[in-house]
Each structure stands twice: as structure tokens, then as C-alpha cells.
Amino acid sequence: MFPSARRRGVIRRWVASRLGLRLLAKPAPSRHNALAYIAGHHGLAAKGLIEAIPDSGGLEALCLQALGLGLRSRVVRLEAGSLNRLQLPCLVQHEQLGWMPLVAVHEAHVTVQHPLQGRVSLPRDAWAMAFMGLALEFRPAP
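Residue numbers for the sequence shown, in my numbering: 912 to 1053.
(1) Excluding five sequence neighbours on each side, which residues of the same chain lie with their C-beta closer than 7 angstroms to the C-beta of Arg988?
(2) I need the DSSP call for Gln1004, collapsed to helix, strand or coil.
(3) By the three-class DSSP mapping on this structure, what secondary structure does Glu1048 have?
(4) Given the structure, does Leu1027 come close to the ligand COA, in the sense that its CB is under 7 angstroms from one of the ligand's heavy atoms?
(5) For Glu1006, tell me which candidate among Gly992, Thr1022, Ala1041 and His943 has the shortest Cα-Cα distance.
(6) Quick check on DSSP: helix, strand or coil for Gly979?
(7) Applying the criterion that 16 or more other CB atoms from any shown protein chain within 10 Å of the CB defines a buried residue, is Ala936 buried or exposed?
(8) On a Cα-Cα basis, can you pick out the residue from Arg985, Glu1018 and Gln998 that is closest to Asp1036?
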């Protein structure tokens, strides 16, 4: 086993102990919760439309759902060290948790809005190991 693979396992176990093993075993309840959080931040009501849209599809479907809520989205590909350049809050893709709202980025940790546990702070290096390199930035559509 490569040292990086062993380290990744240690990081995963730490994140699992922090968020709960069951939450990492299955995806987040709904990515609509994440999109509703972003819409609420921008002062948009998301309740009716979120329930009417099925929770399936890829990145394009997520962008179309955001447009239906009155949000323009921009897909950003970046390294984990560049998270502080993102317009917050935004959605970031996590290896185990799926699309999560990123709320704050600090030197030592990042803060995400977990759909079941609320705001959770994770060490930045632990987050970097599972960050998929994709982010969605949002702003209200004119």
C-alpha cells in the first residue's frame, strides 16, 4: 500500500468519526437541500420548485435547477489550495458527501453546511484529500 493511500484512509476515518459513519456510507439526503441553502442566502424562495424537480442528473441538471430558482451558476475547476478565491457561499463537490455548500474558508479549516448536522468545520488538509476539484458559484439572475 502506498503511503498516500494509507494517509487517505486515516483522513477518511477522521472525517467519518467527525460526521458520523452512516453519513459517509450513503450520499447526502438531497442535493436540493444544498441548492435551497444557496437560494436562501440570496433571498430567493426555493420550496415549491425544489419539491417539483427530481433529484437526479449531473452538473448540467444542477445548473438548470439553479437557473429555475433565479440563480446564475458558474462552474469553476480549481485546486484545494485555491478555495479562498471562491465567491461564498458556493457548492463544492466532495468525494463522499456529494455537493455541499461551502460557507467559509480559513487558513486551517473550511466550514460547510451539512444538511443534517448544520455547520461543520473540517481541517483544510482533510477536506483537500476528498475535494473533487469542482465548485459552483452562484449569483442572482437579472
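All C-beta atoms in this analysis are idealised placements derived from N, C-alpha and C, irrespective of residue type, glycine included.
Checking against the coordinates, here is how it stands:
(1) In the sequence shown, the residue the question calls residue 988 occupies position 77. If we look at Arg988 and ignore the five residues flanking it on each side, its Cβ neighbours are Gly1044 and Leu1045.
(2) Locating residue 1004 in the sequence shown gives position 93, counting from the first residue. Here DSSP, grouped into helix, strand and coil, assigns Gln1004 to strand.
(3) Within the sequence shown, residue 1048 is the residue found at index 137, counting from 1. Of the three classes helix, strand and coil, the one that applies to Glu1048 here is strand, per DSSP.
(4) The ligand COA is not part of this structure, which contains no ligands at all.
(5) The residue labelled residue 1006 in the question sits at position 95 within the sequence shown. Out of Gly992, Thr1022, Ala1041 and His943, Ala1041 has the C-alpha closest to the C-alpha of Glu1006.
(6) By one-based count along the sequence shown, residue 979 stands at place 68. Helix at Gly979.
(7) The residue labelled residue 936 in the question sits at position 25 within the sequence shown. Note on Ala936: pLDDT 39, under 50, position unreliable in the model; the coordinate value appears next. By the Cβ-count criterion, Ala936 is exposed, with fewer than 16 other Cβ atoms from all chains shown falling within 10 Å of its own Cβ.
(8) In the sequence shown, counting from the first residue as 1, residue 1036 sits at position 125. Of all alpha-carbon atoms in Arg985, Glu1018 and Gln998, the one lying nearest the alpha-carbon of Asp1036 is that of Glu1018.
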